[in-house]
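Take the sequence shown: its letters are residues 693 to 1016, numbered as in the numbering used here.
Inspection log for the structure reproduced underneath, given as structure tokens.
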Amino acid sequence: MVDSRFISSTTPTEKKDTRSGFGAGLLEAGRRNDQVVGLCADLTGSLKMNAFKDAFPERFFQVGIAEANMMGLAAGMTIGGKIPFTGTFANFSTGRVYDQIRQSIAYSDKNVKICASHAGLTLGEDGATHQILEDIGMMAMLPNMTVICTADYNQTKQATEALVDHHGPVYLRFGRPSVPIFLKEDAPFTIGKAQNLMSGNDVTFVATGHLVWEAVQAALALRERGIHADVFNYHTIKPFDAAALIESVKRTGRVVVAEEHQKAGGLGSIVARTLAEHQPARMEHVAVDDQFGESGTPAQLMEKYGLNAEAIVAASERVLQVRG
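Here it is in structure tokens:
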């Protein structure tokens, strides 16, 4: 059963990139709170921060290709009560500046919002040097850090606005390509609480980011065969909603995790640890298997690396073979 509180349509006609949701959310956040400031590392257009820059030029800081400096500036601004939103590609938001994030933001528990676009394989043609697939693990391992990975335009806008009222460092991960808008713009959204999009008792789907839509499509395909999936959108990876997972797996006994990330260190690792500690169950994992990406269109790459609805259906078949 589809939960209409969250899903607006299982056959949406509109697509939009999640980075545009960030841009729209940042503008609204700036309107709501005059302490919100924006910092960007020479990618204002790519991060869709132009509207904020035009509306609040005195609160926008273009730091150039100096990401480490941007993180230090953001950390310092929080001391005066500002709420900095930094913007650049996910690879440069994490891998290039990990030391600055660890020391100046996470360790110091600074109220910095690290907003990262172009994450994962769906960055596309720019290739492996820009397609970071390790960032969720890197950020989730840091004490004090909250990690959010949104599923569509509406949810990215919601999450961005929600960060204004959330104190502490946050890593917000979103993407480049246009993807279906299937979540309601007013859907219940709480940082740290998973969304149960579809109900079922046969298998639990735990998905995040672009793979949430693929999980919904996989669940619809399986439903035609009489298999009912309990589908969760884990938009917040840390803090992890262990209670929702455990309650579902007590009924289903099997789990499929789907994420646009390396198998090691991401959402799947957190799910596996939670299951091992609280509710052992058979698990399959749809993710990148210890490889770097390559150049190609987002659709080509998602198919080649097995990050789509078909892969989730196949993983479901494997876990269901061990029923009983």
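C-beta atoms are modelled at their ideal positions from N, C-alpha and C, and glycine is treated no differently.
Reduced DSSP category for residue i - H, G, I as helix; E, B as strand; rest coil
i	result
His-858	coil
Gly-768	helix
Gln-983	coil
Asn-803	coil
Asn-846	helix
Pro-872	strand
Gly-730	strand
Met-693	coil
Glu-676	Not covered by the structure: residue 676. The range shown for the chain is 693 to 1016.
Tyr-863	strand
Asn-1000	coil
Lys-708	strand
Asn-888	strand
Glu-1009	helix
Val-978	strand
Thr-896	strand
Asn-836	coil
Ser-785	helix
Phe-932	coil
Phe-924	strand
Ala-758	coil
Ala-808	strand
Ile-699	strand
Limits of the unbroken alpha helix (DSSP H) element including residue i
i	result
Ser-970	What sits at residue 970 in the sequence shown is His, not Ser. Per DSSP, His-970 belongs to the alpha helix (DSSP H) from 959-970.
Asp-827	827-832
Phe-744	742-747
Gln-954	Looking at the DSSP string, Gln-954 is not in any alpha helix (DSSP H); the run it does join, the beta strand (DSSP E), is 946-954.
Ala-907	903-915
Exposure label - residue i; buried when at least 16 CB within 10 Å
i	result
Arg-697	exposed
Ile-699	buried
Ala-633	The structure shown does not extend to residue 633, since the chain is modelled only from 693 through 1016, so no value can be given for it.
Lys-849	buried
Thr-703	exposed
Gly-715	buried
Supposed close pair residue i, residue j - CB separation, criterion 8 angstroms
i	j	result
Val-728	Ile-775	5 angstroms
Gly-958	Ala-820	So it is not a contact: roughly 17 angstroms between Cβ atoms.
Ala-956	Gly-779	The pair is not a contact, with the Cβ atoms about 27 angstroms apart (cut-off 8 angstroms).
Pro-931	Gly-884	4 angstroms
Ala-886	Ile-1004	Contact flag wrong, Cβ pair sits at about 17 angstroms.
Gln-754	Thr-770	In fact, because the Cβ distance is near 19 angstroms, the residues do not count as touching under 8 angstroms.
Phe-777	Glu-759	At roughly 14 angstroms, the Cβ-Cβ gap does not stay under 8 angstroms, so Phe-777 and Glu-759 are not in contact.
Ser-796	Gly-756	Not a contact, Cβ separation roughly 19 angstroms.
His-810	Ala-851	With a Cβ gap of about 17 angstroms, His-810 and Ala-851 do not count as contacting.
Arg-868	Thr-814	6 angstroms
Boundaries of the beta strand (DSSP E) in which residue i is found, first to last residue
i	result
Thr-780	775-781
Gln-754	752-754
C-beta neighbour in chain C for residue i, strict 9 angstroms
i	result
Ala-798	Here there is only one protein chain, and chain C is not present.
Residue i beta carbon near the ligand NAD (any heavy atom closer than 8 angstroms)
i	result
Ala-760	Absence of the ligand NAD from the depicted structure is noted, as is the absence of any ligand whatsoever, leaving it without description.
**Asked** Does the region 854-861 come close enough to the region 793-809 that 3 or more CB-CB pairs lie under 8 angstroms?
**Response** yes
Margin query: For the region 935-953 against the region 891-910, do three or more pairs of beta-carbon atoms, one drawn from each stretch, fall closer than 8 angstroms, so that the two count as touching?
Written below: yes
**Asked** Taking one C-beta from the region 718-726 and one from the region 734-752 each time, how about it: are there three or more such pairs within less than 8 angstroms?
**Response** yes
| task | Assess, as a yes-or-no matter, whether the region 699-709 is touched by the region 864-876 under the definition of 3 or more beta carbon pairs within less than 8 angstroms. | result | With a cut-off of 8 angstroms, the region 699-709 and the region 864-876 count as touching, because enough Cβ pairs lie within range.
Are at least three pairs of beta-carbons, each pair with one atom in the region 910-922 and one in the region 962-972, less than 8 angstroms apart?
No, the region 910-922 does not touch the region 962-972.
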